[in-house]
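Trainee: Sending over a structure as structure tokens; questions will come in a sec.
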Amino acid sequence: MNNYDIIFAPIITEKTASMEENRTYVFKVDVRANKTQIKQAIESAFNVKVENVNTMNIHPKTKRVGKYTGKTNRYKKAIVKLAEGNTISFD
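Going by this note's numbering, 98 is the number at position 67 of the sequence shown; the sequence numbering is gapless.
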């Protein structure tokens, strides 16, 4: 698998922006990826050293538009802490 088959996109919100001060970044990743694969993909894609990876599965929510109901997509969120002196720039 390619690194970008595992890492889909960074999740940038006000809360995650404040986490960047602590060298912590949040990514949307493939549901089938495990912590080791996520760590290797982040390290090779951004050329940084990963200290810790935490993951959580986001379950689909039921949404409604008029009389039609459906569900949002499920995904996995990875919270990645980098080693001292490493940063990622999304510019």
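Even glycine gets a Cβ: it sits at the ideal position worked out from N, Cα and C.
If you're wondering where the values come from, they're calculated on a predicted model, not measured in any experiment.
Give me the residue from 104, 113, 102 with the minimum Cα distance to residue 74.
Mentor: Minimum Cα distance to residue 74 is reached at 113.
Trainee: Taking just the CA atoms, how far does residue 77 sit from residue 117?
Mentor: Taking the straight line from one Cα to the other gives about 10 Å.
Trainee: For the putative contact between residue 72 and residue 34, defined by C-beta atoms under 8 Å, what is the C-beta separation to the nearest angstrom?
Mentor: Right, the Cβ-Cβ distance comes to about 4 Å (below 8 Å), so this counts as a contact.
Trainee: When the Cα atoms are used, what is the spatial distance from residue 65 to residue 45?
Mentor: Taking the straight line joining both Cα atoms gives about 26 Å.
Trainee: Kindly list the residues whose CB is nearer than 7 Å to the CB of residue 59, restricted to its own chain and excluding five residues on each side of it in sequence; keep chain order.
Mentor: Correct list, in chain order: 39, 40, 42, 106, 108.
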